[in-house]
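The numbering used here numbers the first residue of the sequence shown as 8 and each following residue consecutively. As structure tokens, the structure follows; a few thoughts come after it.
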Amino acid sequence: MISYIVRRLLLVIPTLFGIMVLNFAVVQFAPGGPVEQILAEIEGTAVEATARFGGGGGGTEAGGGGAAERGEGPQGSYRGAQGLDPQFIAQIEKQFGFDQPAHVRFVQMMGNYLTFDFGESFFKDRTVVELVIDRMPVSISLGVWTTLIVYIISIPLGIAKAVRDGTRFDVWTSGAVIVGNAIPSFLFAILLIVLFAGGRYLDWFPLRGLTSPDWDLMNWPERIADYFWHIALPVVSLVIGGFAALTMLTKNSFLDQIHQQYVITARAKGLTERRVLYGHVFRNGMLIVIAGFPGAFVSMLFTGALLIETIFSLNGLGLLGFEAIVERDYPVMFGTLYFFTLLGLVMGIVGDLAYMFVDPRIDFEAREG
């Protein structure tokens, strides 16, 4: 067991390094950059640069491009900014670290990341860690509650569908699952806003933030109620798009086990269907479902809620990453990529350990030997 975990942890190093190298290399060929953002603002061309290259909304968030307009060279020189003092441009490049070759910047960046020093945002005047911690409550709220509710709904429903395979219950619930899987979460979110958040009919739920402005003045029962009042529609939107796949996975896993020889033998011994299902089938059928929980949680937490955060004006990690890409805020981009990739790789190991915890008969170390 220990040797298997050690090997997996050692494998994390080249995997993480390869992901960082690929993403860093791709970004070097993307038009625009932090220096271009500053030059665009100084020259008063931020709006034009944004329109041409699809950058952010304006101000410091705009100007995601402009490299071609100013004639940015392959080595990162800004030849087209004739109206600015070259020494001033060189000073800006040095401030952002672009006076160094790309490979030197990458080595320095990875050296800092080894000690979890992610630096400071180029445009928000805050450290990357502070930004992540500030946005974390929203993403944790969406991820935890969505994953929890999805599992609470999907596992019992999938088991019931497996036991009643081919019945009217299975057919009708399959229709609901298909509809849930076909409707994107963001589209369902818009429908909920129209129906329940003052869009056209009812005005029962708020549209902005995780809590009300006067949350600090409330007592704890009121705070809890206010929190769930704000999080209700976003979570429901994500649940609709997430429960379908897990439900069918649970059903197919249990169906596969129900037709195994050991189940037939257990029934032949006179065991009740409930004893057969929960005493024999459940442990084997739940293997793939439980083992996939860490990965599902990480995916929901950090990658699955960008559009939902945007629609409901929730400042979470998904929106932070999107803003960093638009603004070319490299410390935020690569810092969050490094941390969450590392977290995802570790969660993969946790998933394997969950396999062995649910079924001690599984021994990855013996299989590798």
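All C-beta atoms in this analysis are idealised placements derived from N, C-alpha and C, irrespective of residue type, glycine included.
Could you name the residues of the same chain whose beta carbon sits closer than 7 Å to that of residue i, not counting the 5 residues immediately before and after it, in chain order?
i	result
Lys276	none
Phe123	none
Leu262	Ala169, Asp172
Ala109	Gln35
Arg14	none
Ile185	none
Arg230	Trp222
Arg274	Val283
For residue i, which residues in the same chain have their Cβ closer than 6 Å to its Cβ, ignoring the five residues on either side in sequence?
i	result
Leu16	none
Val296	Thr257
Leu360	none
Ile247	Gly187, Phe195
Leu202	Tyr208
Asn377	The structure shown does not extend to residue 377, since the chain is modelled only from 8 through 376, so no value can be given for it.
Leu314	Phe193
Val19	Leu352
Arg142	Asn322, Gly323, Leu324, Leu327
Val339	Ser128, Val135, Ala331
Gly64	Any reading at Gly64 must be qualified, since the residue scores a pLDDT of 41, below 50, and its modelled position is unreliable; the value itself is stated next. Within the same chain, Gly64 has no close Cβ partners at all.
Gly73	Reliability of the predicted coordinates at Gly73 is poor, the pLDDT of 42 falling under 50, and the value obtained from them is presented with this limitation in mind. Excluding sequence neighbours, Gly73 sits near Gly39, Glu43, Ala47, Ala56.
Ser219	Asp233
Based on Cα-Cα distance, which residue from the options lies nearest to residue i?
i	options	result
Leu284	Tyr362, Ala189, Lys168, Ser244	Lys168
Val353	Arg335, Leu313, Phe300	Phe300
Leu240	Ile166, Ala251, Trp211, Leu360	Trp211
Phe130	Leu202, Glu330, Tyr362	Glu330
Ser161	Gly206, Asp223, Phe250, Pro21	Phe250
Val42	Val339, Leu349, Gly351, Glu334	Glu334
Leu321	Leu214, Arg290, Gly292	Leu214
Gly40	Phe24, Ile99, Met8, Thr254	Ile99
Met255	Arg142, Pro38, Met363, Gly182	Gly182
Thr348	Gly328, Gly358, Met27	Met27
Gln268	Arg282, Asn259, Glu229, Val288	Val288
Thr154	Val242, Phe31, Gln102, Pro38	Val242
Pro21	Val111, Ile96, Met117	Met117
Ile200	Leu224, Ile190, Ile159, Ser244	Ser244
Leu46	Leu29, Gly325, Phe103, Thr279	Phe103
Tyr158	Val19, Gly355, Met293, Pro338	Met293
Ser260	Gly165, Ile12, Phe113	Gly165
Ile238	Val339, Pro144, Pro338, Leu18	Pro144
Phe31	Lys101, Leu224, Phe113, Ile12	Phe113
Gly206	Arg282, Gly286, Phe319, Val139	Phe319
Ala312	Val270, Pro191, Thr218, Leu278	Pro191
Ile156	Trp179, Phe125, Ala303	Ala303
Thr317	Ile140, Ile197, Thr272	Ile197
Quickly, what does DSSP pair residue i with across the bridge? List them, please.
i	result
Glu127	Thr134
Ignore the nearest five residues each way along the sequence and tell me which others in residue i's own chain have a CB closer than 8 Å to its CB.
i	result
Ala252	Asn188
Asp221	none
Val357	Pro301
Leu23	Tyr345, Thr348, Leu349, Leu352
Phe176	Ala167, Lys168
Glu68	With a pLDDT of 38 at Glu68, under the threshold of 50, the predicted position of this residue should be treated as unreliable, and no value is reported.
State yes or no: is the C-beta of residue i nearer than 8 Å to some heavy atom of the ligand SAM?
i	result
Ile318	With respect to small molecules bound, the structure shown includes none, and the ligand SAM cannot be examined in it.
How about residue i: is its C-beta nearer than 9 Å to some C-beta of chain B?
i	result
Ile185	Looking at the structure shown, chain B is missing, and only one protein chain is on hand.
**Prompt:** Is there contact between the segment 333-351 and the segment 133-147, where contact requires at least three CB pairs shorter than 8 Å?
**Reply:** yes
**Message:** Which runs of the alpha helix (DSSP H) at least 4 residues long sit entirely within the segment 160-215? Give them in chain order.
**Reply:** 175-189, 192-203
**Message:** Taking contact to mean 3 or more Cβ pairs, one atom from each stretch, closer than 8 Å, check whether the segment 137-154 and the segment 227-247 are in contact.
**Reply:** yes
**Asked** Can you give, in chain order, each stretch of the alpha helix (DSSP H) that sits fully within the segment 324-368 and has at least 4 residues?
**Response** 324-334, 337-365
**Request:** Mind listing, in chain order, the continuous beta strand (DSSP E) runs of no fewer than 3 residues lying wholly within the segment 218-306?
**Result:** none
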